[in-house]
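Visitor:
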Amino acid sequence: MATENRDKEEEEVKTDDGSPKIKPRPIVQLGIFLISHSPVFSVVFSAAGVMALLLLPLLAKNTYISENALMPGSARSMLSHRDVSDGSKLVNDIKSFRLNHEGQGVEVQRLIGNYMLEMGAEVSYQKFQPEGNHFHPLHFFSGPASYTNLGNVSCAAYGVNVAGIIRAPRGDGKESIVLVTPYDFLNGGDYEALSLGIASSLFSLLARVTWLSKDIIWLVADSRYGDYRPVAAWLTEYHTPSFEVSDLSKCDELNPSDSFRRAGTVAAALVVKVDGRSERFEDTLSIYAEASNGQMPNLDLINVVNYLAVHRQGFYVKVEKVVSLLSSSWLKTVGEIFEAVGKVARSLNPDWKFGIPAADYLEGSATLASSLYSQALGIPTGPHGAFRDYQVDAITLKVSPRFPPDSKGRQHEFCLRGAQLLEGTIRSVNNLLEKFHQSFFLYLLTSPGKFISVGVYMIAFALLVAPLPMVAASLYIDGCTTQNPAENLKSWKWLDAAKQVFALHLLGFIVTLLPYLICQVPGEQSPTNRSIIWATTSSSLLLITFVTVPGCSPFSSRLHGTNWAVLKSVTISAAFIGLCLMSIINFATAEIGALLLVPMCLMVRPIRPDLRSRRVKSLVRALCSMVLVTIGFPVMFFAISKGLIGEGLVGLGLGGEFWTWLESLWAWKSATYLYIGMVHLPCWLLCLCILFHPS
Amino acid sequence: MARTVIPLLILQSFLLAIAFGSNEVEEEFSESLLLKPLPDRKVLAHFHFENRAPPSNSHGRHHHLFPKAISQLVQKFRVKEMELSFTQGRWNHEHWGGSDTLSSMNAKPVGVELWAVFDVPRSEVDTSWKNLTHALSGLFCASINFLESSTSYAAPTWGFGRSSDKLRYGSLPREAVCTENLTPWLKLLPCRDKDGISALMNRPSVYRGFYHSQRLHLSMVDSGMLLEQSLTVVLQPDTVYDGKDLQPSWSLSSLFGRKVVGKCVLAKSSNVYLQMEGLAHPEAHTLLKNEEFELSIKPDRTLRETSSVLFIFDIDKSSDSEPFDLSLTWKLPSKWSCQQAPLHASRFLMGSGNERGAIAILLKATESQDKLSGKDITNGGHCRVKANVFQIFPWYVKVYYHTLQIFVDQQQNTSSEVLKKINVSPSADKMSSGMMEMMLELPCEVKSVAISIEYDKGFLHIDEYPPDANQGFDIPSALISFPDHHASLDFKEELSTLPLLSKFKDKSLVRSYTEVLLVPLTTPDFSMPYNVITITCTVFALYFGSLLNALRRRIGEEERFLKSKGKKTGGLKQLLSRFTAKIRGRPVESPSSEPTAAAQSSVLSSKLLFKIILVAGVAAAWQYFSTDK
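Protein chains in written order, with the UniProt record's numbering: chain A, 1 to 695; chain B, 1 to 629.
The structure is reproduced here in structure tokens:
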């Protein structure tokens with residue numbers, strides 16, 4: 001729209017060349033200026049976009065607790081050694097029980113349930129089934145629906161969750177806080193049992209205290225079918241129960257009077273896991289926050305945990321980072337350059353403090369990359385993701401003790417500190433009389449104590465996509481003016497190109513939905529086979545499109561074919577719209593997508609004239625567009641990123657691997673899948689068309 | 001303290017004597033306290049004060065014992081019956097009882113609940129209600145006046161248990177209850193909390209309890225006005241855990257931190273009751289001491305009921321030197337369970353998101369149902385349990401009544417089988433709240449009943465949001481009552497002299513309130529309008545400006561106009577141009593000379609660039625100098 005206006009006005013200016021007095025207004029001037037110098041500006045803007053992305057670790061701000069009511073750490077911990085020894089007793093009981101009783105059953109659950117009952121909690125058991133991946137195209141963006149798969153319920157495989165509820169003595173029961181400890185009742189290790197010890201210590205304290213204003217739910221999730229599924233099943237039962245008789249109740253090991261219990265709207269949730277031994281000298285606490293589609297919990301929740309863990313309990317707090325980046329030399333060089341620039345700036349003015357040490361920069365960018373990647377993937381990084389579907393702020397805390405699991409004395413101290421951390425967090429959330437709303441929801445973490453808010457990281461993306469409309473406009477003008485000056489209806493020239501773009505986008509949409517049909521193919525198919533089916537159907541569809549829609553094919557005759565400049569202009573406009581829409585849904589996906597798509601769209605030109613001219617500049621340009629288009633192919637990019645991580649894959653194995661990856665995306669309802677199918681793939685095809693355009 | 005009070009009291013009683021002399025029908029006040037150990041190691045204390053006044057014309061406008069404020073309420077608003085309760089905490093139906101008189105009368109929903117029946121023409125009921133809420137609001141230091149708005153109260157027809165078309169009901173779940181509400185309530189008592197049983201009400205110990213509910217019930221009876229005030233507290237006795245499963249031992253002084261030093265001299269009767277449930281050998285407990293527990297004071301009377309034993313103590317004998325400090329010491333571990341209502345009700349919200357959801361009420365059969373169901377055999381031998389559900393929906397919860405689903409024992413039921421009667425009054429946006437009354441008739445052997453109804457969340461007007469960020473909006477408790485079940489204590493003795501017990505002997509409806517629900521509504525970002533206004537204004541200005549320009553400007557005409565003007569430039573303008581040319585030191589540019597478009601645009605762009613650089617430079621310099629200081 002805007003570009004069109006600009007075009008028209010520019011045309012007007014050109015037609016009115018004769019009179020010097022009519023100056024176009026400044027905004028139009030600026031537009032004309034940008035469009036006429038679009039090659040320069042697109043290079044400048046894209047470089048600035050990449051630069052801004054690299055600068056992000058420098059621009060990270062320290063986190064701060066925004067909501068005053070949280071008051072973390074202001075109350076003295078009330079946790080006593082008796083509570084902790086109660087917790088340790090539970091751990092030991094479970095260990096000895098599992099040593100003596102081999103096999104299935106729900107006896108361990110019962111044991112935990114009895115402990116909860118003794119503490120004065122209300123206990124309920126919940127049975128759930130492991131669930132396969134269901135791909136349904138309509139389930140994207142839909143809420144957590146309770147699609148019950150009636151029928152094939154097997155009593156052989158189901159898990160049992162235990163939930164204990166402490167009612168706040170004087171509370172009104174409208175809100176609750178959930179504490180989740182995943183535990184594999186069949187083959188959970190010693191470390192995992194420690195998380196039960198921590199939670200149990202805390203629970204026995206919370207059963208006594210009088211300051212509670214929200215009910216506390218302790219959910220021991222049966223993680224034999226993964227961490228996520230039991231929590232999601234419990235939440236489904238909590239929020240959308242089915243009142244019909246369920247088949248699971250028939251395969252009964254628990255008496256039916258254990259009805260499901262609830263406690264008001266969930267205000268916040270904490271998932272606690274103990275896994276593995278810490279590599280560092282201190283006990284390590286890792287925070288996982290990313291939920292589906294890059295949604296994040298309120299930053300205040302992370303802040304509270306981070307504050308308490310660092311300043312009260314002395315944990316080493318970390319968030320996930322891309323380890324391979326830590327050793328990358330080019331990033332180190334960039335960090336050193338920034339450090340040097342920062343030093344120079346500080347020597348000029350001591351108030352300019354934007355330089356950070358290169359090591360910090362390296363850490364920050366590795367964390368940032370991981371943060372971007374997890375958000376872009378759109379797959380939750382832990383069981384907390386299930387809560388986000390119900391608009392509950394939740395994080396997963398993974399604690400790694402520094403001692404081996406069998407040292408008793410250390411274990412007591414570890415449980416005490418872990419429980420104190422949770423107590424402080426729960427107390428802070430308990431103080432809150434409102435929903436989490438004060439702090440950020442859109443942010444990227446560069447360390448547990450540093451974040452980049454949406455206002456800052458938007459800049460990189462905005463700079464990256466800014467050249468697209470400019471280049472589109474200038475190409476359109478070029479395409480309209482240079483060829484066929486005799487043609488009258490030049491303003492409708494884009495219609496042919498738009499038809500082609502639309503056809504390919506439609507194709508992308510169909511290709512996106514194909515896996516649903518492929519999954520319906522009877523028989524057990526290996527991922528490789530499925531990917532082959534998918535690839536063949538997609539390419540045959542592509543051929544059909546080329547044949548049926550006139551002017552679509554790059555191989556069609558010159559008369560039918562549209563002007564490549566106009567085609568590129570419309571392609572770029574479509575990519576621009578797609579990227580902007582995606583940035584609203586999942587910013588990180590759009591950012592990474594823009595990094596791939598923007599250079600490809602800007603660089604691509606018909607390869608034939610370049611090859612024919614045989615000049616070095618043209619050849620380099622042709623090579624560049626070839627390389628970019630090759631990388632832009634989703635499968636190729638997947639293979640390259642796999643190769644960077646270190647898993648080299650070639651041939652059909654790659655297809656299977658890619659299929660599995662995509663399957664995980666749609667199973668988690670990630671919008672990234674839709675982006676790849678409906679924005680990236682059509683744009684890539686169009687770029688391919690332009691590359692082989694017969695002009 | 002006591003020294004100053006006593007002469008005053010003597011004077012008062014003297015005055016009273018004069019009053020009694022002149023009137024035949026007298027005003028009566030009685031106080032009593034019921035203590036009851038609960039199965040979950042807590043103790044329930046139920047204070048009950050009863051104030052009777054003869055019909056007002058016999059006294060004129062004056063009262064001796066009856067609080068004047070209340071009688072004025074009655075006169076002014078023609079209140080026939082009224083109940084106001086302030087509650088904090090939740091009644092635990094499983095452990096504290098669900099079907100006895102005490103729980104069905106005193107288990108109240110969180111916050112404030114008010115209902116009143118008026119003796120005015122039907123058209124004036126709403127006006128009287130509104131005035132009453134304001135009067136009570138002032139009287140009890142509470143925001144009862146919020147019940148004035150028509151969106152917060154309802155007029156139940158039969159679901160509330162009282163059939164009257166002049167009944168109004170409203171509740172405020174969010175009201176915080178504290179000592180500021182208790183003080184005005186105590187002021188209605190003749191001895192306040194200075195003397196008698198009410199002296200036990202030590203604020204810290206009352207508000208430390210797990211549940212407390214202060215209630216005021218006013219009714220017009222044949223013999224005049226009857227005002228009942230009761231305070232129900234559930235306390236946790238401080239005990240050291242001794243490893244044995246003994247119930248905690250307690251005394252009045254350990255529970256309340258105070259002792260009773262004599263009765264309120266204005267009270268006609270002043271008793272303390274101790275109700276013991278689930279004793280192993282009820283017949284042996286007339287003794288003061290037995291192997292199960294021990295009482296510090298010998299009861300004056302002992303009453304037996306089907307499931308419990310009641311010890312009655314008269315506190316007349318206590319004095320400053322010998323305070324009444326009842327204590328109970330357990331010797332053997334004992335376990336019992338309370339009588340439960342036939343069905344245990346719980347209510348919860350379903351769904352997620354800010355758009356829609358559903359409310360579900362789950363009724364679960366309790367263990368006591370089999371015992372009670374014997375009473376309900378109607379004709380045909382079918383045993384049925386009746387349950388009434390009464391529920392108010394605020395208007396922002398837009399309930400779709402056609403989505404009502406009833407599941408009996410996990411099977412969807414066509415409504416007519418169990419749903420005998422339903423009365424629905426839909427809500428009107430910002431005008432009135434919705435109300436639903438349902439009568440269910442369930443088979444006795446029913447295990448669970450689930451009722452679900454869907455709703456859409458409404459949008460509030462900007463000034464209807466609370467001023468601060470909020471956690472959500474409340475849906476008041478639903479009331480489940482069982483019309484065929486009546487709670488009463490079955491005493492053989494005649495007890496008209498003991499007001500609390502005679503009240504317990506009367507049959508009362510078994511009822512239970514469900515939880516208050518919290519609905520998170522869409523909360524707009526209130527700074528958003530500012531951003532939106534700024535952005536939309538900018539966009540509109542740009543759009544309309546360029547549109548008007550494009551429509552209105554005739555470029556050809558302007559061009560011609562300019563050209564013609566260029567030829568006929570006035571003398572003054574030429575002078576000016578010459579002057580500027582002289583200053584610049586350039587030859588005079590003739591207006592007709594036309595540089596090429598390309599040159600023009602390049603000059604323009606370089607000028608523009610220069611301007612941009614200049615502005616940036618100035619900004620940088622300003623930034624530099626301003627931050628330096």
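Ideal placement from N, C-alpha and C gives every residue a C-beta, glycine not left out.
1. Please state whether the Cβ-Cβ distance between SER527(B) and ALA267(B) is less than 7 Å.
2. What are the start and end residues of each continuous beta strand (DSSP E) run of 3 or more residues lying completely inside the region 156-189 of chain A, in chain order?
3. Under the rule that 16 or more other beta-carbon atoms within 10 Å means buried, what is THR119(A), buried or exposed?
4. Do MET350(B) and ARG392(B) come within 7 Å of each other at the CB atom, strictly closer than that value?
5. Consider the Cβ of ARG41(B): report whether some Cβ of chain A lies at a distance smaller than 7 Å.
6. Can the beta-carbon of ALA341(B) be found closer than 7 Å to that of SER512(B)?
7. Can you list, in chain order, the residues of its chain whose CB lies under 6 Å from that of GLN405(B), leaving out five sequence neighbours each side?
8. Between PHE128(A) and ALA199(A), how many whole angstroms is the CB-CB distance? I'm expecting something under 8 Å.
9. Check whether the region 216-236 of chain A and the region 189-208 of chain A touch, using three or more Cβ-Cβ pairs below 8 Å as the test.
10. Verify the CB distance criterion: does TYR64(A) have a CB-CB separation below 7 Å to chain B?
11. Who are SER433(B)'s beta bridge partners in DSSP?
12. Report the residues of the region 27-58 of chain A with a CB closer than 7 Å to any CB of chain E, ordered along the chain.
13. Classify GLU122(A) as helix, strand or coil using the three-state DSSP reduction.
14. Taking only beta-carbon positions, decide if ALA450(B) is within less than 7 Å of chain A.
15. Does any residue of chain A have a CB that is nearer than 7 Å to the CB of MET528(B)?
16. How about ALA469(B): is its C-beta nearer than 7 Å to some C-beta of chain A?
17. Got a sec: which bits of the region 81-93 of chain B sit with their beta carbon under 7 Å from any beta carbon on chain A, in order along the chain?
18. How do the region 480-487 of chain B and the region 300-319 of chain B stand: do at least 3 beta-carbon pairs fall below 8 Å, yes or no?
19. Taking just the CA atoms, how far does HIS437(A) sit from ALA419(A)?
20. Could you confirm whether any beta carbon from chain A is found closer than 7 Å to the beta carbon of MET431(B)?
21. Determine the closest residue to VAL265(B) out of THR239(B), SER198(B), GLN214(B), with distance taken between C-alpha atoms.
22. Going along chain B in order, which residues have a C-beta closer than 8 Å to the C-beta of VAL271(A)?
23. Write down the C-beta distance between VAL519(B) and VAL397(B) rounded to the nearest angstrom, noting that I regard them as a contact closer than 8 Å.
24. Relative to chain A, which residues along the region 410-444 of chain B have a C-beta separation below 9 Å, given in chain order?
25. Would ILE572(A) pass as a contact of ALA671(A) if the rule is Cβ separation under 7 Å?
26. Closest to SER432(B) by CA distance: which of LEU460(B), TRP395(B), ASP463(B) is it?
27. Please look up how many angstroms separate the CB atoms of ARG215(B) and GLU83(B), rounded, as I've assumed it's under 8 Å.
28. Do VAL260(B) and PHE324(B) have their beta-carbon atoms positioned less than 7 Å apart in this structure?
29. On the criterion of 16 or more Cβ atoms from any shown chain inside 10 Å, does GLN471(B) qualify as buried, or is it exposed?
30. Taking its Cβ as the centre, do 16 or more other Cβ atoms sit within 10 Å of MET51(A), making it buried, or is it exposed?
31. How would you list, in chain order, the residues of chain A whose beta-carbon sits under 7 Å from the beta-carbon of LYS364(B)?
32. Where do the ends of the alpha helix (DSSP H) carrying LEU513(A) lie?
33. Any contact of the region 40-54 of chain A with the region 453-464 of chain A, i.e. 3+ C-beta pairs under 8 Å?
34. By the 10 Å Cβ neighbour count, where 16 or more other Cβ atoms means buried, how is ARG530(A) classified, buried or exposed?
35. Between which two residues does the alpha helix (DSSP H) harbouring ASP83(A) extend?
36. Can you say whether ILE640(A) is buried or exposed, counting buried as having 16 or more other CB atoms within 10 angstroms of its CB?
Guide: Looking at the coordinates:
1. In the second sequence, counting from the first residue as 1, residue 527(B) sits at position 527. In the second sequence, counting from the first residue as 1, residue 267(B) sits at position 267. No. Outside cutoff.
2. You should have 159-166, 175-183.
3. Along the first sequence, one-based indexing puts residue 119(A) at 119. It is Met, not Thr, that sits at residue 119(A) in the sequence shown. The residue in question, MET119(A), is buried, as its Cβ has 16 or more Cβ neighbours within 10 Å.
4. Here residue 392(B) corresponds to residue number 392 of the second sequence, with the count starting at 1. Here residue 350(B) corresponds to residue number 350 of the second sequence, with the count starting at 1. First, the residue type needs correcting, since residue 392(B) is Ile and not Arg in the sequence shown. Taking 7 Å as the cut-off, the Cβ atoms of ILE392(B) and MET350(B) do not count as close.
5. For the purposes of this step, residue 41(B) is taken as residue 41 along the second sequence, with counting starting at 1. Not closer than 7 Å to any Cβ of chain A, the Cβ of ARG41(B) fails to qualify, so no.
6. The residue you call residue 341(B) lines up with position 341 of the second sequence. The residue you call residue 512(B) lines up with position 512 of the second sequence. Note that the C-beta distance between ALA341(B) and SER512(B) is below 7 Å.
7. Taking the first residue of the second sequence as position 1, residue 405(B) is located at position 405. The beta carbon of GLN405(B) lies closer than 6 Å to those of SER452 in the same chain, with the five residues before and after it left out.
8. As a first step, residue 128(A) must be located in the first sequence, where it is residue number 128. As a first step, residue 199(A) must be located in the first sequence, where it is residue number 199. Contact between PHE128(A) and ALA199(A) does not hold, since their C-beta atoms are separated by about 20 Å, which reaches or exceeds 8 Å.
9. As far as the Cβ criterion goes, the region 216-236 of chain A touches the region 189-208 of chain A, which means the pair count is three or higher.
10. Counting from 1 along the first sequence, the entry for residue 64(A) is found at position 64. Judged by the 7 Å Cβ criterion, TYR64(A) is not in contact with chain B.
11. As a first step, residue 433(B) must be located in the second sequence, where it is residue number 433. SER433(B) is not bridged by DSSP to any residue.
12. Going by chain labels, chain E is absent from the structure shown, which instead holds the protein chains A and B.
13. Here residue 122(A) refers to the residue found at position 122 of the first sequence. In the three-state DSSP reduction, GLU122(A) falls in the strand class (E or B).
14. Numbered from 1 along the second sequence, position 450 holds the residue referred to as residue 450(B). Chain A, which has a Cβ nearer than 7 Å to the Cβ of ALA450(B), makes this yes.
15. In the second sequence, the residue the question calls residue 528(B) occupies position 528. Not an interface residue.
16. Position 469 of the second sequence holds residue 469(B). It does: the Cβ of ALA469(B) has a partner Cβ on chain A nearer than 7 Å.
17. Listed in sequence order: GLN88, GLY89, ARG90.
18. The answer is no - the region 300-319 of chain B does not touch the region 480-487 of chain B, with fewer than three Cβ pairs under 8 Å.
19. Walking along the first sequence from the start, residue 419(A) turns up at place 419. Walking along the first sequence from the start, residue 437(A) turns up at place 437. Cα atoms of ALA419(A) and HIS437(A): separation of roughly 26 Å, rounded to the nearest angstrom.
20. Counting from 1 along the second sequence, the entry for residue 431(B) is found at position 431. Closer than 7 Å: no.
21. What you label residue 265(B) is simply residue 265 of the second sequence in a count that begins at 1. The shortest Cα separation from VAL265(B) among THR239(B), SER198(B), GLN214(B) belongs to SER198(B).
22. Position 271 of the first sequence holds residue 271(A). What VAL271(A) touches in chain B: nothing, since even the nearest Cβ is about 19 Å away.
23. Within the second sequence, numbered from 1, the residue matching residue 519(B) stands at position 519. Within the second sequence, numbered from 1, the residue matching residue 397(B) stands at position 397. That pair is a contact at about 6 Å.
24. Result list: GLN410, GLN411, GLN412.
25. Within the first sequence, residue 572(A) is the residue found at index 572, counting from 1. Within the first sequence, residue 671(A) is the residue found at index 671, counting from 1. The answer is no: Cβ separation not under 7 Å.
26. Along the second sequence, read from residue 1 onward, the residue named residue 432(B) stands at position 432. Just measuring C-alpha positions, the residue of LEU460(B), TRP395(B), ASP463(B) sitting nearest SER432(B) is TRP395(B).
27. Position 215 of the second sequence holds residue 215(B). Position 83 of the second sequence holds residue 83(B). A Cβ-Cβ distance of about 7 Å is found for the pair ARG215(B) and GLU83(B), placing them in contact under the 8 Å criterion.
28. Along the second sequence, one-based indexing puts residue 324(B) at 324. Along the second sequence, one-based indexing puts residue 260(B) at 260. Going by C-beta atoms, PHE324(B) is nearer than 7 Å to VAL260(B).
29. Counting from one through the second sequence, the residue named residue 471(B) turns up at place 471. Buried, by the Cβ-count rule.
30. In the first sequence, residue 51(A) corresponds to position 51, counting from 1. Answer is exposed; the Cβ neighbour count stays below 16.
31. On the second sequence, residue 364(B) is found 364 positions in, with the first residue counted as 1. Under the 7 Å cutoff, chain A gives SER259.
32. As a position in the first sequence, residue 513(A) is number 513, starting the count at 1. Its alpha helix (DSSP H) spans residues 494-520.
33. Segments in contact, yes.
34. Sequence index remark: in the first sequence, residue 530(A) carries index 530 (1-based). ARG530(A) counts as buried, since at least 16 other C-beta atoms from the protein chains shown sit within 10 angstroms of its C-beta.
35. Here residue 83(A) refers to the residue found at position 83 when the first sequence is read from its first residue. 81-100 is the extent of the alpha helix (DSSP H) around ASP83(A).
36. Position 640 of the first sequence, counted from the start, is the residue given in the question as residue 640(A). Classification of ILE640(A): exposed, given that the 10 Å Cβ count is below 16.
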